[in-house]
Amino acid sequence: GAGRGKMQTPDWGALEAADGVRLSWNVWPNSKIEAAKCVVPFGAVVTPRKPLPDMPVVPYDPVRCKGCAACLNPYARVDFNGKLWICPFCYTRNHFPPQYASISETNLPAELFPTYTTIEYTLQRPAAPP
Numbered sequence: 009g010a011g012r013g014k015m016q017t018p019d020w021g022a023l024e025a026a027d028g029v030r031l032s033w034n035v036w037p038n039s040k041i042e043a044a045k046c047v048v049p050f051g052a053v054v055t056p057r058k059p060l061p062d063m064p065v066v067p068y069d070p071v072r073c074k075g076c077a078a079c080l081n082p083y084a085r086v087d088f089n090g091k092l093w094i095c096p097f098c099y100t101r102n103h104f105p106p107q108y109a110s111i112s113e114t115n116l117p118a119e120l121f122p123t124y125t126t127i128e129y130t131l132q133r134p135a136a137p138p
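Numbering-wise (my numbering), the sequence shown opens with residue 9 and increments by one.
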């Protein structure tokens, strides 16, 4: 049919306005091997204090990668049976904490919702100094 095979170009301005983030690439490697083949580095320009009126707020601490300290996010690969997630930045396999025991494809925490690429955490413990 009409339009078949055509790729939709994302509205990068709208995506940047929604999250306050501009990436150097519109795709991300799926493996360490693919990442190693990239000649141009991956980067992001982040506007950390950008007001986001529709940003979700969750009343708990973030789940962090044990390899690089990145937060669990919609781009992580999840093994629901094994209760594991794979960090999309360093590809480390991480176990979910006990409070995520009931996680499933139909029972996702907020940080795995595809539309929640930016969320705010209400920390339950003091943040570590920078």
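For glycine and all other residues, C-beta sits at the position ideal for the given N, C-alpha and C.
What you are looking at is a predicted structure, and each value in this text was computed from that prediction instead of being measured.
In the three-state reduction of the DSSP assignment, Leu116 falls in the coil class. Within 10 angstroms of the beta-carbon of Glu119 lie 16 or more other beta-carbons, which makes it buried. Taking 8 Å as the cut-off, the Cβ atoms of Gly75 and Cys46 do not count as close. Bounds of any alpha helix (DSSP H) do not take in Ala52; it lies within the beta strand (DSSP E) bounded by Ala52 to Val54.
Excluding residues up to 5 positions away in sequence, Ile111, Ser112 and Glu113 lie with their Cβ nearer than 8 Å to the Cβ of Phe88 in the same chain.
Residue range Lys40 to Lys45 is occupied by the alpha helix (DSSP H) that includes Ile41. According to the DSSP assignment, Ile94 belongs to the beta strand (DSSP E) that extends over Leu92 to Ile94. Counted as a single uninterrupted DSSP element, the beta strand (DSSP E) harbouring Asp87 occupies residues Arg85 to Asp87. By the neighbour-count criterion, in which 16 or more other beta carbons inside 10 Å mark a residue as buried, Trp93 falls on the buried side.
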